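Data first, discussion second: the structure below is written as structure tokens.
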Amino acid sequence: MQTTRTASSSGTADARPLDLVIFGGAGDLSARKLLPSLYMCHRDGNLPDGTRIIGVGRHRWDREAFVNFADESAQPFVEARYLEPAKWQTFLQRLDFVHVDASQSGDYPALAAQLRQEALRIYYMAMPPGLFAATCDNLASHGLIANDTRLVLEKPLGVDLASAIGIGEVVSRYFSEDRTYRIDHYLGKETVQNLMALRFGNSIFEPLWRTPFVRSVQITVAETVGVGTRGGFYDEAGAMRDMVQNHLLQLVSILAMEPPAALTSDAVRDEKLKVLRSLRPMSPEDVRRNTVRGQYTAGAIAGELVRGYLQEEGIPPDSRTETFVAMRAELGTWRWNKVPFYLRTGKRMQERVTEVVINFAEVPHSIFDAGSTLQPNRMVIRLQPEESVRLTLMVKQPGEGMKLKPLSLALNLDSAFTTRRAEAYERLLLDVIRGRLALFVRRDELQAAWTWVDPILEAWRQQDEGPRPYTAGTWGPAASSAFMAREGVQWSEEA
Ligand code: BG6
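For the sequence shown, the positions run 230 to 724 when my numbering is used.
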């Protein structure tokens, strides 16, 4: 008999009321994602009775100011059809705010006064990683960490391996790994979880999901937005730290992992870790050959003129920060030996799209008429903005002779399911509340990702030339197409 186990089966429900403390409560993430997602949890009756949401930050705000902030800055991010005025009001009643400068020990008694002994505590750190360690020390020295208190860490988790290890060491003094929730919001996306459903819920792909049947894998995460108001943060990070080190490598690990024995958190994370550890390290010469960096210049997106990166707010005029990366990665494993994984991400690109393309091998020998160009099968899994799966197959064109042409089997998951899809943050917050760890990044995964990324960043720093300019509204610098042409392949939109 088959048994079914889900990620949820590893969670432990807790009926206690919750004190959910958001460091950085008055910030951008809180407004755009956390408060709207918590409202959705509240609306659907998923917050334990008596739950309070306590914003913490350097603003000298009181409860009323935080409620105004939620009304003005967070409410617009709730989808209009789910905004029920009465429920929004009861949600607001859960909010409170405490002025705490996270680095100032003297500010913590005010927070202590707000917390209830009987409540389960969750600290959500939506603030720069440089403050994580001091905040944990301060919480501990004021006796605010119980042995079941949970900690949620928002990315970026460090700027390199050394800083990630440093944060990990301080955090682990106070929070065991099973109480530490490192967010990579891509793991909370319905569509990303569907990659596992496709791979492990169907038997037809598994035997082919390897060399020599897969010739290459492409992952594109293209955005049309620029850096907006986050210039200060972004210029320190760049696309490599902001997107590749976390979101793209998490996608690689899900696409490439061996089938886990179960969907429990450690079974899945053990397999993902093996993938991250098998990424082939790059020498400076490999970095020169296998990576392309870009930086956007002024251009137009959907007919609207947009400025260049160097003209954005808070960006130094001589910045060498990359807003685009294309690269070839390889995994040193039996399954994936010499199969290139082409990764690409950028801001201010032509379209917003997140897509995975699996290029299968060509047939070994063609028996068809001249003029029939046999295209290798390809599976295109689109994760954003809409969710679809297309598998191209060669079929016979009607008429005389045997001329073939590619046609797609297509699934549109958006129209197949009409049920509401929870936003990534909503799902992840619920998982923290319910104690489910599967969709959070484990400390060793994080370190494995930095271990691979660090030498690439270092090689870039040593290179004389900076990122190549590309016009906003395009698919990145021409060098990224040239780099693929050299490999005898094309990016999917060019194919
Ligand atoms: C965040 C990055 O982690 O992901 C942002 O910091 C980026 O720069 C965002 O825009 C993209 O997320 P999504 O869900 O819109 O694909």
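Where a beta carbon is used, it is the ideal one built from N, C-alpha and C, also for glycine.
On a predicted model such as this, the values are computed, not experimentally measured, just so you know.
Contacts around Leu203, its chain only, beta-carbon distance under 7 Å, and the 5 residues preceding and following it disregarded: Within the shown structure, residues of the chain are numbered from 230 to 724, placing residue 203 beyond reach of any answer.
Neighbourhood of Leu258 by C-beta distance below 6 Å, restricted to the same chain and skipping five residues each side: Ala355
Just the C-alpha distance for Ala708 and Gln719, rounded to the nearest angstrom, thanks. 12 Å
Which residues does DSSP list as the beta-bridge partners of Glu584? Glu584 is bridged by DSSP to Thr449, Arg611.
What residue from Tyr353, Asp499, Thr700, Leu312 has the CA that sits closest to Ala529's CA? Thr700
Length-filtered (4 minimum) alpha helix (DSSP H) runs lying within the stretch 312-374: 314-321, 337-343, 361-370
Using 10 angstroms around the beta-carbon of Ile596, count the other beta-carbons present and answer buried if the total reaches 16, otherwise exposed. exposed
Measuring CA to CA, which of Gln626, Thr409, Ala375 is closest to Thr602? Gln626
In three-state DSSP terms, what is Ser709? Ser709 carries a helical assignment under DSSP once its states are collapsed to helix, strand and coil.
Ser721 by DSSP, collapsed to three states: which one? helix
I'd like to check one pair, Asp407 with Leu666: are the Cβ atoms closer than 8 Å? With contacts defined by Cβ atoms closer than 8 Å, Leu666 and Asp407 form a contacting pair.
Roughly how many angstroms separate the alpha carbons of Asp330 and Arg287, rounded to a whole number? 5 Å
Put Arg506 into one of helix, strand or coil per three-state DSSP. helix
Is any heavy atom in the ligand BG6 found nearer than 7 Å to the beta carbon of Gln613? Answer for Gln613: yes, Cβ within range of the ligand BG6.
Kindly indicate which residue of Trp438, Asn275, Ala244 has the alpha-carbon position closest to the one of Arg656. Asn275
So, are the CB atoms of Pro569 and Glu591 less than 8 Å apart? no
Taking Arg379 as the reference, which of Gln579, His371, Arg350, Glu398 has the closest Cα? Arg350
Enclosing beta strand (DSSP E) for Asn641 [first to last residue]: 633-641
Span separating the alpha-carbon of Phe669 from that of His414: 9 Å
Applying the criterion that 16 or more other CB atoms from any shown protein chain within 10 Å of the CB defines a buried residue, is Met631 buried or exposed? Burial check for Met631: the Cβ neighbour count within 10 Å stays below 16, so the residue is exposed.
Compute the distance between the beta-carbons of Val421 and Leu480, then report whether it is under 8 Å. yes
Given this structure, state the Cα-to-Cα distance separating Ser512 from Thr319, to the nearest angstrom. 56 Å
So if DSSP puts Thr574 in a beta bridge, which residue, or which two residues, is it bridged to? Thr574 is bridged to Val450, Val554.
Using the rule of at least 16 other Cβ atoms within 10 Å of the residue's Cβ for burial, across every protein chain shown, is Arg611 buried or exposed? buried
Express the C-alpha separation of Ser432 and Gln231 in angstroms, rounding to a whole number. Confidence at Gln231 is low in this model, with a pLDDT of 40, below 50, so the placement of that residue should be treated as unreliable; the coordinate-derived value is given next. Computed Cα separation, rounded: 15 Å.
Give the straight-line distance between the Cα atoms of Leu659 and Ala485, rounded to the nearest whole angstrom. 27 Å
So Ile662 is in the alpha helix (DSSP H); what residue range does that whole segment cover? 653-663
Who are the Cβ neighbours of Ser237 in its own chain at under 8 Å, not counting the five residues just before and after it? Note that Ser237 has pLDDT 39, beneath the 50 cutoff, so the model's placement of it is unreliable and the number below is only indicative. Arg663, Arg665, listed in sequence order.
Between Gly240 and Asp366, what straight-line distance do the alpha-carbon atoms span, to the nearest angstrom? Because Gly240 sits at a pLDDT of 47, beneath the cut-off of 50, its placement in the model cannot be relied upon, and the point is left open.
Distance check for Glu584 and Leu620, CA to CA, integer angstroms please. In a straight line, the C-alpha of Leu620 is about 13 Å away from that of Glu584.
Below 7 Å CB to CB, which residues in the same chain sit around Thr453 once its five sequence neighbours on both sides are set aside? Taken in chain order, the residues that qualify are Ile530, Arg577, Met578, Glu580, Arg581.
With DSSP as the reference, label Arg292 as helix, strand or coil. helix
How long is the line joining the alpha carbons of Asn416 and Leu640, rounded to whole angstroms? The residue asked about is misnamed: residue 416 is Leu in this sequence, not Asn. Approximately 22 Å between the Cα atoms of the pair.
Can the beta-carbon of Phe553 be found less than 8 Å from the beta-carbon of Gly537? Result no, Cβ atoms of Phe553 and Gly537 do not sit closer than 8 Å.
Is the distance from the Cβ of Thr409 to the Cβ of Phe252 below 8 Å? No, the Cβ-Cβ distance between Thr409 and Phe252 is not below 8 Å.
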